[in-house]
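Below: the structure, in structure tokens.
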Amino acid sequence: MGNLDGKIAVVTGSAQGIGYGSAKVLAQHGATVILVDFAEAVKDTAEELKQMGLKADWRRCDVSKLDEVQETVDDIIKQYGRIDILHNNAGVNRRVRFEDLDVKTRDFIFGVNIYGVWNMTKAVYPYMMKEKYGRIIITSSVTGVKVVDEGQTTYAMTKGAVLSLAKALAYEAGPYGITVNAILPGWVRTPKVEQVAADSRPEDPEGAMRDMAGFIPLGRLCRVEEIGDLVAFLASDDAKYITGTEMVIDGGSTLPETFNILHA
Ligand SMILES: NC(=O)c1ccc[n+]([C@@H]2O[C@H](COP(=O)([O-])OP(=O)(O)OC[C@H]3O[C@@H](n4cnc5c(N)ncnc54)[C@H](O)[C@@H]3O)[C@@H](O)[C@H]2O)c1
Numbered sequence: 001m002g003n004l005d006g007k008i009a010v011v012t013g014s015a016q017g018i019g020y021g022s023a024k025v026l027a028q029h030g031a032t033v034i035l036v037d038f039a040e041a042v043k044d045t046a047e048e049l050k051q052m053g054l055k056a057d058w059r060r061c062d063v064s065k066l067d068e069v070q071e072t073v074d075d076i077i078k079q080y081g082r083i084d085i086l087h088n089n090a091g092v093n094r095r096v097r098f099e100d101l102d103v104k105t106r107d108f109i110f111g112v113n114i115y116g117v118w119n120m121t122k123a124v125y126p127y128m129m130k131e132k133y134g135r136i137i138i139t140s141s142v143t144g145v146k147v148v149d150e151g152q153t154t155y156a157m158t159k160g161a162v163l164s165l166a167k168a169l170a171y172e173a174g175p176y177g178i179t180v181n182a183i184l185p186g187w188v189r190t191p192k193v194e195q196v197a198a199d200s201r202p203e204d205p206e207g208a209m210r211d212m213a214g215f216i217p218l219g220r221l222c223r224v225e226e227i228g229d230l231v232a233f234l235a236s237d238d239a240k241y242i243t244g245t246e247m248v249i250d251g252g253s254t255l256p257e258t259f260n261i262l263h264a
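Residue numbers for the sequence shown follow the numbering used here, beginning at 1 and rising by one.
Below, the structure written as structure tokens:
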């Protein structure tokens, strides 16, 4: 028996990466999880979870399109009756220095990272208000909120924006028994991050990964299931008094002030 038995959870961007880890752990705690992603692979990912004996379903949807999102959420409600947990996780990134950015890239990143989160929340929230219950978890990032990197201006903006949404909505949602929290991961080993390593050092991506891990006090990147553990906690009854907060999960990566330059 899990502490999320009987709960209905929706996780966006769950065909792979953090969303996959979140969906798996929520389901391991007993929730029925609907994986939402625009990638065709979402079906196989849901099947994989079912093979593990977990309760999983899937919908294909582009979260940046409000009409698609509304249709998807209405359809989930029709089948499952309510949504107790929403993990707004789908996100994209492009590393481009500010002077080289164009409007198309800006709108692409805003479209998924800001509008996508807004769209899903907008569609699910009225159903949660009706139930007087809900747990909304938003994947922000340490990027933009705590630290920055080259080529991340637009991505950083979006992660700050969704953190602000979590706080502002938490304030309004409290009287309806709905909590809203943001999680701020550091480096998590996902297909996206593996691609970053491969792009930066095509001849030795694993070496790039090891060097990244060298800057993290806990000595390794986060596993997607460890993000799932945090999401499951925030979705659980143990977190019923936690709302409007930001939870950093970075293995201590944002702690260093000088990156040991003073000891070099
Ligand atoms: N990996 C990290 O180190 C890290 C750190 C901090 C924050 N994040 C955030 O975590 C989230 C997931 O990152 P990840 O590393 O797992 O990425 P990923 O690229 O491995 O997976 C993202 C998933 O989102 C889906 N997706 C993208 N656009 C979509 C859209 N318009 N509609 C529906 N689905 C869409 C993709 O198909 C994919 O399955 C993102 O919001 C990202 O910004 C990641």
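Glycine is no exception: its CB is placed at the ideal position from the N, C-alpha and C atoms.
Practice prompt. Could you give the DSSP three-state label for R60: helix, strand or coil?
Written response: strand
Practice prompt. Confirm the yes/no value for this check: CB of T179, any heavy atom of ligand 1, distance under 7 angstroms.
Written response: no
Worksheet entry | 4-residue-minimum alpha helix (DSSP H) runs that sit fully inside the stretch 99-126, ordered along the chain | 103-110
Worksheet item: Anyone know if the C-beta pair for N88 and S14 falls short of 8 angstroms?
Response: no
Item to complete: Identify every residue that forms a DSSP beta bridge with G134.
Response: I178
Discussion item. Suppose contacts are defined by Cβ-Cβ distances below 8 angstroms. Is L35 in contact with V11 by that definition?
Written reply: yes
Fill in: Under the three-state DSSP convention, the category M247 falls into
strand
Practice prompt. Determine the direct distance from the alpha carbon of L4 to that of I216, and round the result to whole angstroms.
Written response: 32 angstroms
Worksheet item: Do the stretch 45-60 and the stretch 124-133 meet, that is, are 3 or more Cβ pairs less than 8 angstroms apart?
Response: no
Worksheet item: CA-CA distance, G6 and Y80?
Response: 11 angstroms
Worksheet item: Per DSSP, V224 is paired with what?
Response: According to DSSP, V224 bridges with nothing at all.
Discussion item. Output needed for N113: all residues of its chain with C-beta closer than 6 angstroms, excluding positions within five of it in sequence on either side, in chain order.
Written reply: G91, T158
Worksheet item: Of the choices V231, A198, A168, F38, whose alpha-carbon is the least far from that of C61?
Response: F38
Practice prompt. Go ahead and label D84 buried or exposed: buried means 16 or more other beta carbons lie within 10 angstroms of its beta carbon, across all protein chains shown.
Written response: buried
Worksheet item: What is the rounded straight-line gap between the Cα of W187 and the Cα of V193?
Response: 8 angstroms
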